[in-house]
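*Asks:* Just dropping this structure here.
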Amino acid sequence: MSAVGSLLLKRAHTAGNTFFHRLDGRTKFIFFWWISIIAYLFYDYVIVAIILVALLILARIAKIHKQIYITEAVIIIPWILVGIIILSPSAGFQDNETILFTIKLFGRELSFYYEGLAFAITWPARIGVCIGSAMLFYLTTPLAEITSTITRMKMSYKLAYMFTAAVQLIPILADEVGTIYQAQVSRGLKTDVGLVKKFKNYIALVVPLTLSSLNRVQTRAITLESRGFTAPTKKTPLKEITFKAEDFIFMAGMAALTILVIYIYLKYGSSPIVHLKYVVAG
């Protein structure tokens with residue numbers, strides 16, 4: 099597993115006493131859906147970029163900007179570059195009309211279009227908003243509070259357990275993959291081999307990882323049954339959560355911005371700043 103992949107998987111709650119940390123988990127969960135919906139409402143890359151920048155500023159205020167900035171850079175930048183290469187040429191996007199520049203490649207002229215470039219920037223930025231807001235919720239909320247948030251929002255306690263179990267198991271499995279890999283290498287597993295042989299070598303990693311995972315799941319199942327997890331009684335959360343003044347202020351701000359967004363959308367459409375032709379025409 100790559101260093102970047104391991105870093106992303108092993109991130110967990112970051113303790114702090116910032117404004118965003120003090121918000122109720124339900125408020126942050128609603129914010130995640132709210133800002134994601136707004137990002138997908140507009141096809142205007144300037145609007146989406148403003149939303150993304152605002153989210154990054156919130157991450158700075160919450161003092162978790164390093165984790166989110168690295169993740170956003172790893173995800174957004176490669177997607178934008180790939181999108182520009184695929185969508186900007188004339189055959190890449192059906193609504194390409196406005197030529198930005200033309201280059202000569204292998205004796206042929208290759209034109210890059212504004213519409214494809216705009217689309218290639220907008221979609222990765224939207225995904226960046228979703229991922230950034232989800233990380234903002236996850237990194238500033240303790241796991242016990244996330245569980246309480248899920249149950250207090252009238253979701254199944256089984257769903258709450260599935261989420262918390264997955265969050266707990268992912269870093270454990272990531273560490274176990276590294277341990278199994280090192281053990282197999284010490285036993286003579288060759289890594290500098292061809293693609294077919296390398297694929298066969300992965301079986302030596304997958305089999306022990308699968309067996310250990312099944313054993314861990316069985317142990318958890320026995321533990322849950324012995325503690326009455328499936329008993330037909332009302333479940334109580336480990337941590338009680340309540341709305342505070344900060345939550346009402348924050349949600350009032352979201353409500354005010356929602357009114358502004360609805361006004362802009364109804365009056366100017368989904369591309370109010372750059373006025374993309376294929377959006378206006380559609």
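All the letters of the sequence shown, read from the start, carry residue numbers 99 to 380 under this note's numbering.
Built from N, CA and C at the ideal position, the CB exists for glycine as well.
(1) Find the nearest neighbour of I166 within the set D193, L198, G230, judged by alpha-carbon distance.
(2) For H163 and Y138, I'd like the C-alpha separation in whole angstroms.
(3) Out of curiosity, what's the CA-to-CA distance linking I183 and V146?
(4) Please name the residue, chosen from I244, F191, L203, Y236, that lies closest to A218 on a Cα-to-Cα basis.
(5) Can you give me the Cβ contacts of F127 inside the same chain, cut-off strictly under 8 Å, excluding the 5 residues immediately before and after it?
(6) Give every residue of the same chain whose Cβ lies closer than 6 Å to the Cβ of R377, excluding the five residues on either side of it in the sequence, and list them in chain order.
(7) In terms of residues, what are the limits of the alpha helix (DSSP H) holding E381?
(8) Three or more C-beta pairs closer than 8 Å, one from the segment 264 to 275 and one from the segment 307 to 324: is that the case here?
(9) Cβ of T249 within 8 Å of Cβ of A242?
(10) Check whether the Cβ atoms of T112 and T200 sit closer than 8 Å, and answer yes or no.
(11) Using 8 Å for Cβ pairs, my map puts F348 next to L150. What's the rounded Cβ distance?
(12) Going by the beta-carbon positions, is the gap between F118 and L153 smaller than 8 Å?
(13) Go to L139, then tell me how far its alpha helix (DSSP H) extends in each direction, as first and last residue.
(14) Taking the alpha-carbon positions, what's the L208 to P187 distance?
*Replies:* Checking against the coordinates, here is how it stands:
(1) G230
(2) 23 Å
(3) 21 Å
(4) F191
(5) F235, T247, M251
(6) Looking at the sequence shown, residue 377 is not Arg but Val. Excluding positions up to five away in sequence, the list reads Y141, S368, S369.
(7) Outside the modelled stretch of the chain, which goes from 99 to 380, sits residue 381, for which no answer is possible.
(8) yes
(9) no
(10) no
(11) No, F348 and L150 are not in contact; Cβ-Cβ is about 19 Å, not under 8 Å.
(12) no
(13) 123 to 139
(14) 7 Å
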